[in-house]
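For the sequence shown, position 45 (counting from the first letter as 1) is numbered 45 according to our numbering, and the numbering increases by one without interruption.
Working notes, structure below.
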Amino acid sequence: MELTREEERMLWGEEGPGVQRAMEILVSLGEIYSADRLVPIRSAQVAGVSYMTIGEAGLEFLRDWAAEDCRVRVLATLNPAGVDLENRAGLEYPHDFAEKQGEILEAYRALGVLPSCTCTPYLIGNLPRFGEPVAWSESSSVIFANSVLGARTNRESGIAALASALVGRTPSYGLHQGENRRATFRVSITAPLQGTADYAALGYYLGRHHDGIPLLEGLSPSVEEMKVLGAALSTGSISMFHIPGVTPEAEEGEGLERVEVGREGLEEAYGELNTTDDVDVVCVGCPHATPREVLEVLKARPRRETWIYTARQNLPLFERYDRDENVRIICDTCMVVSPLREMGIESIGINSAKGAFYCRNLAHLEVRFDSLENLLR
Ligand code: F3S
Numbered sequence: 001m002e003l004t005r006e007e008e009r010m011l012w013g014e015e016g017p018g019v020q021r022a023m024e025i026l027v028s029l030g031e032i033y034s035a036d037r038l039v040p041i042r043s044a045q046v047a048g049v050s051y052m053t054i055g056e057a058g059l060e061f062l063r064d065w066a067a068e069d070c071r072v073r074v075l076a077t078l079n080p081a082g083v084d085l086e087n088r089a090g091l092e093y094p095h096d097f098a099e100k101q102g103e104i105l106e107a108y109r110a111l112g113v114l115p116s117c118t119c120t121p122y123l124i125g126n127l128p129r130f131g132e133p134v135a136w137s138e139s140s141s142v143i144f145a146n147s148v149l150g151a152r153t154n155r156e157s158g159i160a161a162l163a164s165a166l167v168g169r170t171p172s173y174g175l176h177q178g179e180n181r182r183a184t185f186r187v188s189i190t191a192p193l194q195g196t197a198d199y200a201a202l203g204y205y206l207g208r209h210h211d212g213i214p215l216l217e218g219l220s221p222s223v224e225e226m227k228v229l230g231a232a233l234s235t236g237s238i239s240m241f242h243i244p245g246v247t248p249e250a251e252e253g254e255g256l257e258r259v260e261v262g263r264e265g266l267e268e269a270y271g272e273l274n275t276t277d278d279v280d281v282v283c284v285g286c287p288h289a290t291p292r293e294v295l296e297v298l299k300a301r302p303r304r305e306t307w308i309y310t311a312r313q314n315l316p317l318f319e320r321y322d323r324d325e326n327v328r329i330i331c332d333t334c335m336v337v338s339p340l341r342e343m344g345i346e347s348i349g350i351n352s353a354k355g356a357f358y359c360r361n362l363a364h365l366e367v368r369f370d371s372l373e374n375l376l377r
């Protein structure tokens, strides 16, 4: 890989061991993927925040890096942590877990990463423009950035995104290159999609059965629907999609292999993700809820316990909005990366296929994946 003079200096340690470590990671990554150079980035989204997912080893690693006296050079935002940092919703997080979580955030702060703790950075000001190279590492935000915003990012690991933030560069390969961003197959959807859960079911089905970049024909989704669709596609290996007339890089797709998805495909997704009818709590906001989604739930006045996960920046919008006691707005964390089992929750209802998939497989919860309307009823 060809490096500039400045990049070589960083690699040789002339800007300190923390920057050197970051350069070593990026150069190794670039060599693995045959990148010919590094490209400058304007932002990073760093995953690997919850103590539940990175544990003691991750905390030690971050502490060591932070002790090397280096700071990010571009806007760097953080993915959800394992707890709500202010906990105005009054949930009972395990004490030791919350303490460890605080230490992780302290290390990130020392490195200069903003403790935004959301997986929708594009809704709170980390908003790259069309064609801009970035280094993002949360799969749902990666696919949204590539597909809806037209920004360019590979699906980075949390460590690679942090390394990129520390040197302001990322290896140029994969989705940074225009020729790799074209659709590789077309999808005809033969059943009408009703609401976000159907979009999530479609994404999950395609993510299970296909690789590459789908061109989804005949759809006109809202931002919220694209958010859950992308999150569900990314439970497989898909990191970009196109929708003609909606997303900025969609083309005609002439000559591409065509696949059809009908009601049967959607039902397969619902069937695979559902393990129970009986839920302790309904969780909304995977990826984090937009203000429109928060309003929709508050207006529905659900009778059962309902937790809405959203970015902290949205909280003041709803402070004076009438809300029943069983509806809580939770920030900085999500249903997957907080220790729900230790908090006495065994089953959740959710309208996101990504949330359903990881709540089952990572958080070991029973799941009901259904439309918001049915869950709140
Ligand atoms: Fe976000 Fe958590 Fe879902 S990080 S995409 S709400 S699993």
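Where a beta carbon is used, it is the ideal one built from N, C-alpha and C, also for glycine.
- Its chain contains Arg42, Ser43, Val134, Ala145, Leu149, Ala151 as the residues whose beta carbon lies nearer than 7 Å to that of Pro128, once the 5 sequence neighbours on both sides are disregarded; these appear in chain order.
- With respect to Val46, Leu78 sits close: the two C-beta atoms are nearer than 9 Å.
- The Cβ neighbour count for Glu264, taken over all protein chains shown within 10 Å, is under 16; the residue is labelled exposed.
- Taking non-hydrogen atoms of the ligand F3S into account, the C-beta of Cys119 is found less than 8 Å away from one of them.
- Annotation for Gly125: no residue places its beta carbon closer than 7 Å to its own, counting only its chain and skipping 5 residues before and after.
- Listed as beta-bridge partners of Thr306 by DSSP are Val282, Val327.
- Taking non-hydrogen atoms of the ligand F3S into account, the C-beta of Glu2 is found less than 8 Å away from none of them.
- Three or more Cβ pairs drawn from the region 270 to 284 and the region 340 to 350 lie within less than 8 Å of each other, which places the two stretches in contact.
- Taking every protein chain shown into account, the CB of Tyr309 has 16 or more other CB atoms within 10 angstroms, so this residue is buried.
- An exposed status is given to Lys299, since fewer than 16 other beta-carbon atoms sit within 10 Å of its beta-carbon.
- According to DSSP, residue pairing for Gln45 in a beta bridge involves Thr77, Trp136.
- For the pair Met343 and Arg323, the Cα-to-Cα distance works out to about 23 Å.
- Burial state of Gly218 is exposed, judged by a 10 Å Cβ sphere holding fewer than 16 other Cβ atoms.
- Ala289 carries a strand assignment under DSSP once its states are collapsed to helix, strand and coil.
- Put simply, the region 196 to 211 touches the region 350 to 364. At least three CB pairs are less than 8 Å apart.
- Residue Gln101 holds the alpha-carbon nearest to the alpha-carbon of Val337 among Gln101, Leu59, Leu38.
- Ile350: member of the beta strand (DSSP E) spanning 347 to 350, first to last residue.
- When the Cα atoms are used, Ile329 and Glu257 turn out to be separated by approximately 44 Å.
- Taking 8 Å as the cut-off, the C-beta of Tyr358 counts as close to a heavy atom of the ligand F3S.
- Ser220 sits in coil when the DSSP states are folded into three classes, being neither helix nor strand.
- Counted as a single uninterrupted DSSP element, the stretch harbouring Ser164 is not any beta strand (DSSP E) but the alpha helix (DSSP H) occupying residues 158 to 167.
- Between Ile159 and Ile32, the C-beta spacing is not below 9 Å.
- Taking all protein chains in view, the Cβ of Arg88 is surrounded by fewer than 16 other Cβ atoms within 10 Å, so the residue is classified as exposed.
- Under DSSP, Arg186 shares a beta bridge with Leu215, Arg258.
- Using a cutoff of 8 Å, the CB of Tyr108 does not count as near the ligand F3S, since none of the ligand's heavy atoms is closer than that.
- For the pair Arg73 and Gly168, the Cα-to-Cα distance works out to about 5 Å.
- Beta-bridge partners assigned by DSSP to Leu149: none are found.
- Its chain contains Pro291, Val294 as the residues whose beta carbon lies nearer than 8 Å to that of Leu317, once the 5 sequence neighbours on both sides are disregarded; these appear in chain order.
- Secondary structure note for Pro17: its alpha helix (DSSP H) is the uninterrupted segment 17 to 32.
- By the criterion of a C-beta distance shorter than 7 Å, Arg71 is surrounded in its chain by Leu111, Gly112, once the five residues flanking it on both sides are discounted.
- Distance from the CA of Gly195 to the CA of Ser116, rounded to the nearest whole angstrom, comes to 28 Å.
- In the structure shown, Phe369 adopts extended strand secondary structure according to DSSP, grouped into three states.
- Only exposed fits Arg377, as fewer than 16 other CB atoms lie within 10 angstroms of its CB.
- For Met335, the shortest C-beta to heavy atom distance toward the ligand F3S is below 8 Å.
- Below 8 Å, too few C-beta pairs join the region 179 to 195 and the region 46 to 61 to call them touching: fewer than three.
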